[in-house]
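Once you know that position 138 of the sequence shown is 362 in this note's numbering, the rest is easy, because the numbers rise by one and skip nothing. C-beta atoms are modelled at their ideal positions from N, C-alpha and C, and glycine is treated no differently.
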Amino acid sequence: MAKGKTFSKPKALSDAHTHYCPGCTHGIIHRLVAEAIDDLGIRGRTVGVAPVGCAVLAYNYFNCDFQEAAHGRAPAMATGIKRVRPDLMVFTYQGDGDLASIGLGEIVHAANRGEKFTTIFVNNAIYGMTGGQMAPTTMPDQRTTTSPFGRKADEVGMPMRMAELLASLATPAYVTRQAVLRPKHINKARKAIKQAFTYQVASRCFTFVEVVSTCPTNWGMTPTDAIDWAEETLLPYYPLGEFKVPE
225 MAKGKTFSKP
235 KALSDAHTHY
245 CPGCTHGIIH
255 RLVAEAIDDL
265 GIRGRTVGVA
275 PVGCAVLAYN
285 YFNCDFQEAA
295 HGRAPAMATG
305 IKRVRPDLMV
315 FTYQGDGDLA
325 SIGLGEIVHA
335 ANRGEKFTTI
345 FVNNAIYGMT
355 GGQMAPTTMP
365 DQRTTTSPFG
375 RKADEVGMPM
385 RMAELLASLA
395 TPAYVTRQAV
405 LRPKHINKAR
415 KAIKQAFTYQ
425 VASRCFTFVE
435 VVSTCPTNWG
445 MTPTDAIDWA
455 EETLLPYYPL
465 GEFKVPE
């Protein structure tokens with residue numbers, strides 16, 4: 225009889241107790257990143273860059289070197305690290321406020337320059353750490369603490385599709401959007417994150433993985449209702465798949 229695969233904690237993950245809210249999907253994404261690092265055997269030369277946001281304490285969860293960036297400046301810090309030490313595997317881990325709002329210019333220009341690091345972009349359509357304000361990714365009519373009557377697209381514009389925006393740049397890159405809502409989504413997200421790091425190991429291109437996620441606390445939902453809402457509301461507007469692959 226063939227032996228089954230033993231399910232265990234990735235070596236790239238620490239033993240820290242989570243500070244995330246119940247039902248938050250950051251923990252799943254952390255594990256997928258750690259699994260990719262383990263699979264590729266790059267933990268000893270990996271450097272993460274933490275954002276300002278819910279994942280501001282990301283350095284507590286990974287057994288690899290980490291830096292803390294000013295709000296929105298993770299791509300700039302990653303650029304500096306990668307250019308000085310191109311042998312290192314560098315990744316930024318950012319939310320929709322850090323990346324798509326205050327850090328929008330940083331990520332667009334890093335992608336356009338073709339900086340050879342990896343960005344994990346967590347899109348939960350709201351600001352988490354600061355109390356549930358409207359984000360660049362908030363859906364039309366979605367209620368937040370700063371849009372209590374719902375986001376009005378005629379006043380503030382439509383939600384920003386970051387994967388499509390970066391994929392429109394001419395510089396070769398790997399750009400994909402995945403999700404961590406159901407097991408079928410998680411399996412595809414795992415492959416995408418590993419592929420992003422694989423391209424970086426080969427020093428091929430800038431790599432960007434957007435991950436559609438949930439925020440039950442700030443959405444005012446149970447974890448299961450949050451998953452249902454994300455499937456019904458977010459995925460039609462934020463379609464999953466690869467938007468750009470290197471030639």
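N-terminal and C-terminal residue of the alpha helix (DSSP H) that residue i is part of
i	result
residue 468	Premise fails: residue 468 lies in the beta strand (DSSP E), 465 to 468, not in any alpha helix (DSSP H).
residue 329	328 to 337
residue 416	407 to 425
residue 354	Counting along the chain, residue 354 falls outside any alpha helix (DSSP H), and DSSP gives it neither H nor E.
residue 263	250 to 264
residue 452	447 to 453
residue 441	440 to 443
Residue i burial status per 10 Å Cβ neighbour count (16 or more: buried)
i	result
residue 235	exposed
residue 372	exposed
residue 294	exposed
residue 246	exposed
Span of the beta strand (DSSP E), counted from its first residue to its last, around residue i
i	result
residue 402	397 to 403
residue 434	430 to 436
residue 270	270 to 274
Best match in the options for proximity to residue i [C-alpha to C-alpha]
i	options	result
residue 391	459, 448, 440 and 470	470
residue 267	251, 383 and 288	288
residue 353	281, 416, 434 and 272	281
residue 250	421, 400, 405 and 418	405
residue 399	271, 259, 419 and 297	419
Same chain, Cβ closer than 7 Å to residue i, neighbours up to 5 away in sequence not counted
i	result
residue 269	311, 312 and 313
residue 409	402 and 403
residue 368	350, 356, 357, 358 and 362
residue 457	363
Contacts around residue i, its chain only, beta-carbon distance under 6 Å, and the 5 residues preceding and following it disregarded
i	result
residue 225	Caution is warranted here: a pLDDT of 49 is assigned to residue 225, below 50, making its placement in the model unreliable, and no coordinate value can be reported.
Close Cβ partners of residue i (< 8 Å) along its chain, the five nearest in sequence each way excluded
i	result
residue 450	247, 438, 439, 440 and 443
residue 244	250, 251 and 278
residue 306	312, 314, 339, 340 and 341
residue 322	275, 276, 277, 295, 296 and 298
task: Enumerate, from N- to C-terminal direction, the unbroken alpha helix (DSSP H) stretches of 4 or more residues contained entirely within the segment 284 to 322.
output: 298 to 308
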